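Colleague:
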Amino acid sequence: VFDEVNNDVTPQPLYQADPGAEQVTEDMLKDITEVFISETDTFSLLDMPSTFVCVDADEAEATARNHQYEEVCRNRVSRDKHVERSVQTLTGTTKNKHVQSNGLMVVDAVCDMYEPLSDAEQEETAGICNPVKTDHSEGVTDSSRGADRSVSVGSTATTVEVKALNAETQWKLIMLSDKFQLCLQTVERSILQNSFHPQLAAYRQLPVLGPECPVKNEMVDQRTGGTDGGPSLQCLWVFSCELSRGRSVSCMTWNRKNPDLLAVGHGEFDSGNQKPGLVSCWSIKNLKWPEHVIHCDSAVTALDFSANSPSQLAVGTHDGSITIHSVHSQDNRSRGVSSESPNRHLGPVWQLRWTQQQVSSTGEEKVEALLSVGADGRISKWFFFKDGLDCITQTGGKRTEMMTERVLTALTPGLCFDFHPTLQDSSIYLTGTWEGLIHQCSCSNSQQFLETYRKHCPVNCVAWSPFNPDVFLSCSSDWTIQLWKQHHLKPVLGFTSAQKAVYDIKWSPKWPTVFGAVTEGQLEIWDLSSS
């Protein structure tokens, strides 16, 4: 086969017999031939090292450190902008010099160890610690001429007077220091809690620990239901001190954040025996002396602690004034006073209440407001204004066809009120009046009452049930307690046990059918489920 230029391009067979090779015959094919096959060396035609290492491999840790080192080197290329230079540190030669100084005047003190003093205490006692000059002293010369400065001390009598004065001053500073007072308070609480251990254990429903604290038989009977198997009450302790002895208790309130703190108001309502009011804040940790005492110009009639600011205590008095005090402050000054307000109450303030109220239509924003009810027939909402308190009126007369009824209703003294327990209806509240009516009101509508309930004589207290928002209780001076439903104008049940006025009622925070009532001289516990 030839191509276009006459070249022989005929394909040659793949196998060509060697002309000189021996011809294979049939007999040769029958012979047995032995052939040895052996492995030759491996020849690498392509070698590409792997860039990945198995985590279980021996060199995995070393490879990871190498990668970290390479990353650090790449990042430090642009940061190492320094120049290497050789430096030599010079060490100055030392010199020995002799110095002459004045000798120190040392006075031996009786007290060598005492608590550090605050700046205020040091300023207060600065005048006491001044040097004392006497007629026996030879003179003190103080010059600024270096070695020529000299000091001379007086006689032995002057030194003794300085020692006595320093010892007395240090002793007074120790006794007046805040840390020492705190230590005394801690020790006093420990001793009292050890003395009242059985009573405190019964109050907190805890077992009495240790054989050194014996439990009285009557206390064991009280915690186990009494000897006859029925419920019983026992007085564990009495809050009393020299300041409150002989005074009448007019109101009480527990702190909402600290359940161990109780504020008690004292005051005499008899016009012939008027005394200044007193507020004593008692703690369960100290049953013999109040933690804080507030003196008032008039008898105390109402108290309530703030929920947002637990240290703020609102105090209402018989002369119509409202003051806000801080129980953490050591002085007796108030944070706000309503005596300068033109809208202040003209009669006694019978009840105070801090409550959460909505300030937006969505209900997400809420603020705490202080409300009061007074003998002048007004329910007022108070707020801070300049250096005192001011208020706006929340309620007016009820819309009726007779104008005279509206005027009389507006002037009827209010005695108590209570806000609805649910957040959705936090603006709805009940108020009890002197004429025996219970009005259901709303903060958003101050022109009329929502409902009016009639059954009582003067209503002393109303209380919504914390478990059922449609049920509330009321008590009166007519010796009765009434159970109401919100949308029923007639009471569901009535209770009476003695021919005495019922002054206060309170639902149990744990059992929905149990409530307590206070009459003249006794405390009653009612259970609706066992009547």
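Take the sequence shown: its position 445, counted from the start at 1, is 456 in the working numbering, and no numbers get skipped. Heads up, the beta-carbon is just placed ideally off N, CA and C, and yes, glycines get one too. Owing to the predicted nature of the structure, the values given are computational and were not obtained by experimental measurement.
Identify the continuous alpha helix (DSSP H) that holds H208 and give its terminal residues.
Modeller: Within the sequence shown, numbered from 1, the residue matching residue 208 stands at position 197. Per DSSP, H208 belongs to the alpha helix (DSSP H) from H208 to Y214.
Colleague: So, with DSSP's three-state summary, where would you put D14?
Modeller: Along the sequence shown, read from residue 1 onward, the residue named residue 14 stands at position 3. Residue state, collapsed to three classes: coil.
Colleague: On a Cα-Cα basis, can you pick out the residue from K190, V260, V20 and R364 that is closest to R267?
Modeller: To locate residue 267, count along the sequence shown from 1; it is residue 256. The candidate whose alpha carbon is nearest that of R267 is R364.
Colleague: Can you tell me whether Q216 is buried or exposed? The criterion is at least 16 other CB atoms within 10 Å of its CB, across all chains shown.
Modeller: The residue labelled residue 216 in the question sits at position 205 within the sequence shown. Per the 10 Å Cβ criterion, exposed.
Colleague: Do S476 and G399 come within 8 Å of each other at the CB atom, strictly closer than that value?
Modeller: As a working mapping, residue 399 is identified with position 388 in the sequence shown. As a working mapping, residue 476 is identified with position 465 in the sequence shown. Their beta carbons are not under 8 Å apart, which means G399 does not touch S476 by this criterion.
Colleague: Give me the Cα-Cα distance between N284 and T197, rounded to the nearest whole angstrom.
Modeller: For the purposes of this step, residue 284 is taken as residue 273 along the sequence shown, with counting starting at 1. For the purposes of this step, residue 197 is taken as residue 186 along the sequence shown, with counting starting at 1. Spanning the two alpha carbons is a distance of roughly 39 Å.
Colleague: Give the DSSP-derived three-state secondary structure of M263 in the structure shown.
Modeller: As a first step, residue 263 must be located in the sequence shown, where it is residue number 252. DSSP places M263 in strand when its eight states are reduced to three.
Colleague: Compare the beta carbon distance of V513 and S487 with 8 Å and say whether it is the shorter of the two.
Modeller: Here residue 513 is taken as the residue at index 502 of the sequence shown, counted from 1. Here residue 487 is taken as the residue at index 476 of the sequence shown, counted from 1. Contact flag set, yes.
Colleague: Span of the beta strand (DSSP E) holding R465?
Modeller: As a position in the sequence shown, residue 465 is number 454, starting the count at 1. E462 to R465 is the span of the beta strand (DSSP E), which, as asked, contains R465.
Colleague: Give me whichever residues DSSP pairs with G527 in a beta bridge.
Modeller: For the purposes of this step, residue 527 is taken as residue 516 along the sequence shown, with counting starting at 1. DSSP lists K517 and I536 as partners of G527.
Colleague: Taking the alpha-carbon positions, what's the V275 to T312 distance?
Modeller: Here residue 275 corresponds to residue number 264 of the sequence shown, with the count starting at 1. Here residue 312 corresponds to residue number 301 of the sequence shown, with the count starting at 1. If I take the Cα positions, the gap works out to 10 Å.
Colleague: What's the C-alpha gap between K41 and V35?
Modeller: Working through the sequence shown from its first residue, we reach residue 41 at position 30. Working through the sequence shown from its first residue, we reach residue 35 at position 24. One C-alpha to the other measures close to 11 Å.
Colleague: How big is the Cα-Cα spacing for D271 and F316?
Modeller: Locating residue 271 in the sequence shown gives position 260, counting from the first residue. Locating residue 316 in the sequence shown gives position 305, counting from the first residue. Their Cα atoms are separated by approximately 13 Å.
Colleague: Less than 6 Å between C-beta atoms, sequence neighbours within five positions excluded: which residues of the same chain meet that for W265?
Modeller: What you label residue 265 is simply residue 254 of the sequence shown in a count that begins at 1. Contacts found: L273.
Colleague: Which whole-angstrom value describes the C-beta separation of V378 and Q368, a residue pair presumed to lie in contact below a C-beta threshold of 8 Å?
Modeller: Within the sequence shown, residue 378 is the residue found at index 367, counting from 1. Within the sequence shown, residue 368 is the residue found at index 357, counting from 1. The pair is a contact, with the Cβ atoms about 6 Å apart (cut-off 8 Å).
Colleague: Of all the beta strand (DSSP E) runs that stay within the bounds of the stretch 292-330, which reach a length of 3 or more residues?
Modeller: The stretch 292-330 contains these whole beta strand (DSSP E) runs: 303-306, 311-316 and 323-328.
Colleague: CA-CA distance, S540 and T524?
Modeller: By one-based count along the sequence shown, residue 540 stands at place 529. By one-based count along the sequence shown, residue 524 stands at place 513. Computed Cα separation, rounded: 6 Å.
Colleague: What does the alpha-carbon distance come out to for the pair G472 and Q362?
Modeller: Position 461 of the sequence shown holds residue 472. Position 351 of the sequence shown holds residue 362. Here the sequence assigns Cys to residue 472, which means Gly is not the residue at that position. Near 10 Å, if we compare the C-alpha coordinates of Q362 and C472.
Colleague: Distance check for N86 and Y80, CA to CA, integer angstroms please.
Modeller: Stepping through the sequence shown from its first residue, residue 80 is reached at position 69. Stepping through the sequence shown from its first residue, residue 86 is reached at position 75. Cα to Cα, the separation comes out at about 10 Å.
Colleague: Shortest alpha-carbon distance to F506 belongs to which of K496, F460, W518 and L484?
Modeller: The residue given as residue 506 occupies position 495 in the sequence shown. Considering only alpha carbons, the answer is L484.
Colleague: How many angstroms separate the CA atom of E199 from the CA atom of P359?
Modeller: Translated into positions along the sequence shown, residue 199 becomes position 188. Translated into positions along the sequence shown, residue 359 becomes position 348. Their backbone Cα atoms lie some 38 Å apart in a straight line.
Colleague: Within the same chain, show all residues whose beta-carbon is closer than 7 Å to that of S546, passing over the 5 residues directly before and after it, in chain order.
Modeller: The first residue shown for the chain is 12 and the last is 542, placing residue 546 beyond what the model contains.
Colleague: So, at 6 Å on beta carbons, what are the nonlocal neighbours of A137 in its own chain, with the 5 sequence-adjacent residues on each side left out?
Modeller: Along the sequence shown, one-based indexing puts residue 137 at 126. With a pLDDT of only 48 at A137, under the threshold of 50, the placement of this residue in the model should not be trusted; the figure read from the coordinates follows. If we look at A137 and ignore the five residues flanking it on each side, it has no Cβ neighbours.
Colleague: Whole angstroms is fine: what's the gap from D548's alpha carbon to L193's?
Modeller: For the chain, the structure presents residues 12 to 542; residue 548 sits outside this window and is missing.
Colleague: Quick check on A310: buried or exposed, where buried means 16 or more other Cβ atoms within 10 Å of its Cβ?
Modeller: Within the sequence shown, numbered from 1, the residue matching residue 310 stands at position 299. A310 is buried by the Cβ-count criterion.
Colleague: Mapping the DSSP letters down to three states, classify H78 as helix, strand or coil.
Modeller: Within the sequence shown, numbered from 1, the residue matching residue 78 stands at position 67. Residue state, collapsed to three classes: helix.
Colleague: Please work out which residues of its chain come closer than 8 Å, Cβ to Cβ, to S558, disregarding the five sequence neighbours upstream and downstream, and give them in chain order.
Modeller: As displayed, the chain neither begins before 12 nor continues past 542, which places residue 558 out of reach and without an answer.
Colleague: Please classify C402 as buried or exposed, where buried requires at least 16 neighbouring CB atoms within 10 angstroms.
Modeller: Locating residue 402 in the sequence shown gives position 391, counting from the first residue. By the 10 Å Cβ count, C402 comes out buried.
Colleague: On the CB-based measure, 16 or more other CB atoms within 10 Å of its CB, does T442 come out buried or exposed?
Modeller: Position 431 of the sequence shown, counting from 1, holds the residue named residue 442. It counts as buried.
Colleague: How would you write the range of the alpha helix (DSSP H) that D38 sits in, first residue to last?
Modeller: Position 27 of the sequence shown, counting from 1, holds the residue named residue 38. It spans E37 to L40 - the alpha helix (DSSP H) in which D38 sits, taken as one unbroken run.
Colleague: Which of the three DSSP states, helix, strand or coil, is assigned to K183?
Modeller: Here residue 183 refers to the residue found at position 172 when the sequence shown is read from its first residue. Reduced to three states, the DSSP call for K183 is helix.
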